[in-house]
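Here is the structure we will look at, set down as C-alpha cells.
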C-alpha cells in the first residue's frame with residue numbers, strides 16, 4: 003500500500019488533520035523521479051546507484067531544492083497541530099464532574115475513554131507514518147543528488163524542534179494511551195502492526211521505550227538531569243529536555259508556586275544551554291499520572307519534600323517583601 007494511501011486510511015475519521023498537515027509524499031517522490039531522469043539524460047550514461055556511497059557534503063539542485071521550504075512549513079504546521087490536539091485529549095482525560103458531562107453531551111458522548119484511546123492511537127499512527135514519509139523523502143533526495151543535504155535538513159528540523167518524533171507531546175500522548183489502556187501490553191493494529199510500550203522503572207534505569215508500528219523506536223529517559231532522580235511532576239522545555247517541576251523552577255530562578263511561565267526569556271536550559279525555552283514548556287500531566295500510579299510510595303515522599311520546599315520559599319519570599327516595606 004502506498005504511504006499516502008496508508009495515511010488516508012489511518013485518518014479517515016480526521017480528514018482535516020490529514021489534508022492540512024501531512025507531508026505530500028507522492029508529489030515530492032514524483033519530483034525527485036523527474037529530477038533523476040533529467041539528470042541521467044543530461045549526463046548520458048550516468049548511474050547514480052553505483053556511486054550512492056560517495057556522499058558530497060554540499061550539492062544543490064535548482065529543480066527540487068524548493069522541497070525543503072515546503073517541508074519546513076509542513077513540519078511547523080504539523081508540530082503545532084499535533085500539540086493542540088494532544089493538549090485537547092489530555093484536558094478531556096483530566097476533566098471530571100459536570101464539565102466532563104457537558105463536554106460529552108456537546109460532542110454526543112464521543113469523547114469517552116474508548117474514543118480518547120482511539121483518537122490517541124490514531125494520532126500516534128499519524129506521527130509515525132509522517133516520520134517515515136519524511137525519512138523516505140530525504141533519503142531519496144540524497145540518493146538522487148549524491149549529497150548529504152537530506153540528512154542535514156533533518157538535523158536542522160531537530161535543532162528547530164520541528165521534528166515530530168521529538169515532540170514532548172508525543173511522550174504525553176503515549177502516556178495517555180497507557181493510562182487509559184491500563185497496562186503495558188501490546189496494542190495491536192491490523193493495518194500498521196503493533197504499538198509496544200515498554201516502561202522500565204528500576205534502580206539501574208528508568209526509561210520509557212516506544213516501538214511504534216514495528217518501525218520507529220523512541221527512548222525517553224525518565225531521570226531528571228538536575229536531581230538525578232525519577233522525574234516528579236515532569237515538565238518538558240521547548241528544547242525537549244525534561245525536568246522535575248521544582249528542578250526546572252530552581253534552574254529558572256522562579257518560585258515553584260509561580261511556575262515556569264514566570265521564567266525570564268534569558269533563562270537557559272540546564273542541559274543544552276539554549277535560551278528562551280521556558281515560555282513554551284509542556285506540563286507532562288499524563289506522564290506524571292503514569293509515574294504516580296507506578297511509584298506511589300516514592301510519589302508521596304516526593305510530594306512531602308516539595309511541600310517543605312514550597313513552605314520554605316514562601317516564608318523567604320514574604321520575609322523579603324516585609325524587609326522591603328520596612329526599608330521604605
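Numbering (my numbering), first residue to last: 3 to 330.
Virtual Cβ for every residue (Gly too), placed ideally from N, Cα, C.
Using a Cβ-Cβ cutoff of less than 6 angstroms, which residues in the same chain neighbour residue 283 once the five nearest sequence positions on both sides are dropped? 237, 239, 262
Would you kindly check if the distance between the Cβ of residue 220 and the Cβ of residue 293 is under 8 angstroms? Their beta carbons are not under 8 angstroms apart, which means residue 293 does not touch residue 220 by this criterion.
As assigned by DSSP and simplified to three states, the class of residue 286: coil
If you follow the alpha helix (DSSP H) that residue 143 is part of, which residue opens it and which one closes it? Bounds of the alpha helix (DSSP H) holding residue 143 are 115-147.
Please report the distance separating the alpha-carbon of residue 234 from that of residue 315. 18 angstroms
Environment of residue 299 [buried if 16+ CB atoms lie within 10 Å]: exposed
Rounded to the nearest angstrom, what separates residue 152 and residue 301 at their Cα positions? 44 angstroms
Quick one: Cα of residue 289 to Cα of residue 173, how far? 8 angstroms
In three-state terms, what does DSSP make of residue 161? helix
With DSSP collapsed to three states, give me the class of residue 84. In the structure shown, residue 84 sits in a helix (DSSP, three-state: H, G or I).
Simplified DSSP state of residue 211, which is helix, strand or coil: strand
Considering just the uninterrupted stretch of the beta strand (DSSP E) at residue 246, what are its terminal residues? 244-246
Neighbourhood of residue 227 by C-beta, 6 angstroms cutoff - its chain only, sequence neighbours within 5 removed: 273
Does the Cβ-Cβ distance between residue 166 and residue 80 come in under 8 angstroms? yes
Going by alpha carbons, who is nearest to residue 244 out of 25, 230, 180? 230
Which word fits residue 75, buried or exposed, when buried means at least 16 other C-beta atoms lie within 10 angstroms of its C-beta? exposed
Taking its Cβ as the centre, do 16 or more other Cβ atoms sit within 10 Å of residue 27, making it buried, or is it exposed? Taking every protein chain shown into account, the CB of residue 27 has 16 or more other CB atoms within 10 angstroms, so this residue is buried.
Counting along the chain, where does the beta strand (DSSP E) carrying residue 238 start and finish? 236-238
Can you have a look at residue 326 and say buried or exposed, based on whether 16 or more other CB atoms are within 10 angstroms of its CB? exposed
Please report the distance separating the alpha-carbon of residue 250 from that of residue 271. 9 angstroms
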